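Numbering (the UniProt record's numbering), first residue to last: 1 to 502.
By construction, the Cβ of each residue, glycine as well, lies at the ideal position given by its N, Cα and C atoms.
The model shown is predicted, which means the values in this text are computed figures rather than measured ones.
These notes concern the structure reproduced below.
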């Protein structure tokens, strides 16, 4: 075969496919131009569309196309140029027209664009229990925009989006991307924790919240109880980290943060607990503050006492009230000393406003928010009880999952939660006392009714055996309480106006 010199230029221009379909042109593959569907699109079951060329377009090269310059190179006019109508949405946009996005981790790859778009379109909706305009804007717009400046947050979004995409349409590539970005998230997040500044605090805080959904549950085919219990240990440990992060700014005005709506603990101040008579004819009280208010710091040292003049009565369903009574008996000296009583008291205190919100306002955003932030009240000594498989601590965590299942959406519901509750049941039946077992049976009842009758029926069932507390009366009493506040406010305003007029 004759060897040609480097300067050789063919006198006959290579014929390019001008009639190929849109897909082949976009993919930059040779199209066989078979209609109505070419071979490439038919094999891959893609939509095959052709763009009809203008009738004035010439199918032959211009005379200048065969000309050469004195230096042996072809003129630029010899390169066939296709007319592009950018008003036609079917016209593929060249890659050089797509602006490059520079994130903190470097140039954004194509897969990153797709996952970020998936997050902004679908995934964010699975991470919030509120649909108000502010929260929607933060999740959908502000957080993705913030992630471009902080790699730990960006990797968290991409991992969550890949996991969500894989859950909707199983794909090995999405599964691998979820794992890769999860590993990068933890690596970058660990670095960020070593140097928290005013500039990265919000991104670190949001990443800590998102990490709760990145804790991979056990494989669905495993039947070992320990796997689900360890999964719960990891989740609670990560929640503790989020609580510590929030505590860095809680006293300094955490409500001033732009992402505060994502971590706030309540949406409204609750009415005082209604007057009711517990089954054991005792009116147990809480020592710290009014029930339903967020403390000024994230770690309230709450303790229940039988009598306290400045306290509000605790509001818990009969099974948990009986559990509380058993702790109070030991604390008052009427029963055997319970070394874990002071650790369990604050957790029951954190439950009280959750049930109060459910009673007064039923299934509303305030209830969902209180359930969502419940773990931020859990202290290390309680987490240690859970890790040591203390039956009462496990039952309280199971109660939290049962209440969280009433939310309209969330990653915390599903097979993993059911398996965890089943594992707790086996421990409680073996090691729990009568009050603990009864409290767990109520958890099972709520979950069973939730699966069969829906969230409203399950929420109503919480108050079935609650003497003196009527599910249907709650909203009416809340309306009456709010009306009384309005009347008091009007009276005060009228009094002030009269004083001013003097």
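Query	Result
For residue 349, the nearest candidate out of 157, 274 and 320 (CA to CA)	320
Cβ distance (whole Å) where residue 140 is taken to contact residue 365 below 8 angstroms	Not confirmed; about 17 angstroms, so no contact.
Range of the contiguous alpha helix (DSSP H) that encloses residue 212	It is not in any alpha helix (DSSP H) - residue 212 carries neither H nor E in the DSSP assignment.
Terminal residues of the alpha helix (DSSP H) in which residue 50 lies	Neither: residue 50 is in no alpha helix (DSSP H) and is coded neither H nor E.
Cα-Cα separation between residue 6 and residue 26, rounded to whole angstroms	With a pLDDT of only 47 at residue 6, under the threshold of 50, the placement of this residue in the model should not be trusted, and no figure is reported.
Opposing strand residues paired with residue 103 [DSSP bridges]	106
Short Cβ contact (8 angstroms threshold) for residue 455 with residue 406	yes
Three-way DSSP call (helix, strand, coil) for residue 72 in this model	Model confidence at residue 72 stands at a pLDDT of 43, short of 50, so the residue's coordinates are unreliable; what they give is reported in the following sentence. Three-state result, residue 72: coil.
Exposure of residue 152, with buried meaning 16 or more beta-carbon neighbours within 10 Å	buried
Cβ separation of residue 504 and residue 178, assumed to be a contact under 8 angstroms, to the nearest whole Å	The first residue shown for the chain is 1 and the last is 502, placing residue 504 beyond what the model contains.
Sequence-distant residues of its chain with Cβ nearer than 6 angstroms to residue 347 (five each side left out)	382 and 396
Nearest to residue 392 (by Cα), restricted to the options 323, 240 and 252	323
When 399, 121, 115 and 160 are compared against residue 438, the one with the closest alpha-carbon	399
Contiguous alpha helix (DSSP H) assignments of at least 4 residues, all confined to the region 331 to 374	341 to 361 and 365 to 372
The region 209 to 218 in contact with the region 350 to 358 per 3-pair CB rule at 8 angstroms	no
For residue 475, three-class secondary structure by DSSP	helix
Buried or exposed (CB count within 10 angstroms, at least 16 for buried), residue 419	buried
Residues bridged to residue 21 [DSSP beta-bridge criterion]	50
Residue 318, buried or exposed, once every other Cβ within 10 Å from all chains shown has been counted against 16	buried
Short Cβ contact (8 angstroms threshold) for residue 384 with residue 427	no
Contacting residues, own chain, Cβ-Cβ under 7 angstroms from residue 458 (five flanking each side not counted)	406, 446, 449 and 450
Simplified DSSP assignment, three categories, for residue 202	helix
Beta-carbon spacing of residue 261, residue 373 below 8 angstroms	no
Same chain, Cβ closer than 8 angstroms to residue 232, neighbours up to 5 away in sequence not counted	386, 397 and 420
DSSP state of residue 122 mapped onto helix, strand, coil	coil
Which listed residue (224, 212, 137 and 266) has its alpha carbon closest to that of residue 236	212
Boundaries (first-last residue) of the alpha helix (DSSP H) holding residue 437	434 to 453
Residue 401 burial status per 10 Å Cβ neighbour count (16 or more: buried)	buried
Burial state of residue 507 (16 or more Cβ within 10 Å)	A question about residue 507 goes unanswered here, because the residues of the chain that appear run from 1 up to 502.
Rounded C-alpha distance that separates residue 125 from residue 479	31 angstroms
Minimum Cβ-Cβ distance from residue 359 to chain B less than 8 angstroms	As a matter of chain content, chain B is missing from the structure shown, which is built from one protein chain.
Among 28, 199, 46 and 29, the one whose alpha carbon lies nearest that of residue 36	46
Unbroken alpha helix (DSSP H) run spanning residue 183, endpoints	172 to 193
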